[in-house]
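Asks: Anchor point for the sequence shown: position 65 equals 95 in my numbering, and the numbering is continuous, going up by one each time. Even for Gly, the Cβ is constructed at its ideal location relative to N, Cα and C. Can you read through this structure? Questions will come right after.
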Amino acid sequence: MAMALPEVKPLLGEPAPPLQGLLWIKGTPVDLAANRGTTVTVVEFWATWCGPCVESIPHLTELQKRFGPRGLAIVGISDEGPSTVREFVEKMGQKMDYSVAVDPTGDTKSAYMDTYGQRGIPCAFVVDRQGRIVWIGHPQSELEKTLEEILSGRYDLAVANEQYVHERLSMYFRNQLSRRDLDSQSMVELERETEEFLARICETTPTKKRDGRLWLFAYAINESRVKNPKIRALAVRAMDQRESHDYRNVMITHVYVKALQRAGQTTQALEVAARGYRENPGHSGFGLLYADMLEVTGQLAAANDVRAKLPPPEEETDAPPRKPSETATTSTLSSERGTSTPR
C-alpha cells in the first residue's frame, strides 16, 4: 500500500534560522551564532493581543531568572508595531524581564513558524548550544522540564523527535477528520491514512505512551463528523489494542463504549458500560453511561431505574484521578494549553 501520511520535515535538530532584521525593544540583542557553544536560547513568538501569550510572560520571566545563570537566554518576538510592543513592555515592567524584539517584516517569524508548521501562539523554540532547534511547544507545556534536561546534558533528541513527529501527524489527522469537502476519493484516502496512522502508533510508540495515544486516536474519531464504517471500526481496534483497560477511569470507558456503539457493536458497548457501572457503583458518570446504553438498546425502564439510583454529584463516590497519559496532552489531540491563531 502506498504511503498516505505526509512525511514530517524538517525534524528537530536542524540549525535554527538567524534572528535578523529585528528591532530590539528590551534587553540584550540575541545573536544565535555568537551564543553557539555557550548559551541555550528560547525563541518565543507572541503578541500583545494574545491572552495565552500574556499569561505565559510571568512564567518565562521566572525561567530566565532561574536558568539565566546556567546559560539561558529568552527572547520574545512579536510582529506588531514597535510602539504597540514598547508600550506593552513598559507597562509590564519587571514582570516581563527578558529580551523582547519586533519583527517588522515577519521574515524571522516565517522562518520558524511556517517552516515547522506552527499556527498558534504563543509558540517557543528551544535552540541548544550547538545552534539546533531541539524543542517546539507552548511555553507552559514542559518547557521548564526540557530546559533542565538540556542544561544538565540529559536531553534525548531522538525521544523528542519521536514525540514531535507524532504530534505533527496527530494534528494532520485531526484536520483531515474535520474536513467538510470529503468526496468519495478523499474518503478512501482518509481510510488509508487512518489505518496507517493507527499502525504507526502501534509500531513506533514507546510502550508507556501507547495506551494513551490509542485512546486519543479513538477519541478523535468519536468526536469527528466522519460516519465512515471502516474508520469507526478503527476506533474500536485502537481501544482493543491497548495493553489494559482501566474500568475505573470513566473517560477511557466512555470512549470505548462510544467507539463500539458508533461502529454498530451495540451489544458489546452495553457490556462494557455495564462492567464500568458494576465496578464503580457510586459514580454518576459510569451510571449515566450505562443508563444511556440501556436506553439505546430499548431498555427504558432499566435505564430510568439506574438513573434514579444515582447519587447527586456532591455525594458521588470519589474516583481515582485520571492518568496524564490517558488524557489529552501538547502536542496531541486536545487543546493542551491555550493558543491563539495569529491575525
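Inspect the beta-carbon positions of R230 and V38 and report whether they are closer than 9 Å.
Replies: Contact: no.
Asks: So for W76, helix, strand or coil by DSSP?
Replies: If DSSP states are grouped into helix, strand and coil, W76 belongs with coil.
Asks: Does the beta-carbon of D213 have 16 or more other beta-carbons within 10 angstroms, so that it is buried, or is it exposed?
Replies: With fewer than 16 other Cβ atoms within 10 Å, it is exposed.
Asks: Is R240 near the ligand COA, going by C-beta to nearest heavy atom under 8 Å?
Replies: In terms of ligand content, the structure shown is empty, and the ligand COA therefore cannot be addressed.
Asks: Could you give the residue range of the beta strand (DSSP E) that holds G106?
Replies: Per DSSP, G106 belongs to the beta strand (DSSP E) from 102–108.
Asks: Secondary structure at G81, three-state DSSP: helix, strand or coil?
Replies: The answer is helix: DSSP assigns G81 an H, G or I state.
Asks: Please classify K125 as buried or exposed, where buried requires at least 16 neighbouring CB atoms within 10 angstroms.
Replies: Exposed, because fewer than 16 other Cβ atoms sit within 10 Å of the Cβ of K125.
Asks: Classify V326 as helix, strand or coil using the three-state DSSP reduction.
Replies: In this structure, V326 counts as helix in the three-state DSSP scheme.
Asks: How far does the beta strand (DSSP E) with K56 in it reach, from first residue to last?
Replies: From DSSP, the beta strand (DSSP E) with K56 extends over 53–56.
Asks: Output the distance between the C-alpha atoms of G374 and V72, rounded to the nearest integer angstrom.
Replies: For the chain, the structure presents residues 31 to 373; residue 374 sits outside this window and is missing.
Asks: Just verifying my parser: in three-state terms, what is the DSSP assignment at A34?
Replies: Coil at A34, not helix or strand.
Asks: So A46 packs on I163, CB below 8 Å; how close in whole Å?
Replies: That belief holds up - the Cβ atoms of A46 and I163 are roughly 5 Å apart, short of 8 Å.
Asks: On the CB-based measure, 16 or more other CB atoms within 10 Å of its CB, does D211 come out buried or exposed?
Replies: With fewer than 16 other Cβ atoms within 10 Å, it is exposed.
Asks: From this set, T297, A332, Q193, Q160, which residue's C-alpha is nearest H67's C-alpha?
Replies: It is Gly, not His, that sits at residue 67 in the sequence shown. That would be Q160, whose Cα lies nearest to the Cα of G67.
Asks: Are the region 122–138 and the region 78–96 in contact at 8 Å, needing three or more beta carbon pairs?
Replies: Yes: at least three Cβ pairs fall under 8 Å.
Asks: Measure the alpha-carbon distance for E192 versus D186 and round it to whole angstroms.
Replies: Distance between the alpha carbons of E192 and D186: 10 Å.
Asks: Drop a sphere of 10 angstroms on the beta-carbon of S208, count the other beta-carbons inside from all chains shown, and report buried for 16 or more, exposed for fewer.
Replies: S208 should be labelled exposed.
Asks: Just the Cα atoms here: how many angstroms apart are Q26 and P341?
Replies: Limits of the chain in this structure are 31 at one end and 373 at the other, which puts residue 26 out of reach.
Asks: Specify whether the region 305–312 and the region 267–283 touch according to this definition: at least 3 beta carbon pairs, one from each stretch, less than 8 Å apart.
Replies: Yes, they touch.
Asks: What are the partner residues of V285, as DSSP defines its beta bridges?
Replies: Paired residues: none, contrary to the question.
Asks: If you follow the alpha helix (DSSP H) that S214 is in, where does it begin and where does it stop?
Replies: Unbroken alpha helix (DSSP H) run through S214: 214–234.
Asks: Report, in whole angstroms, the separation of the C-beta atoms of M217 and A248, which I expect to be a contact under 8 Å.
Replies: That pair is no contact at about 19 Å.
Asks: Are the CB atoms of L290 and V266 nearer to each other than 9 Å?
Replies: Yes; because the gap between Cβ atoms is below 9 Å, this pair is in contact.
Asks: What are the boundary residues of the alpha helix (DSSP H) that A248 is part of?
Replies: Where A248 is concerned, the enclosing alpha helix (DSSP H) stretches over 237–253.
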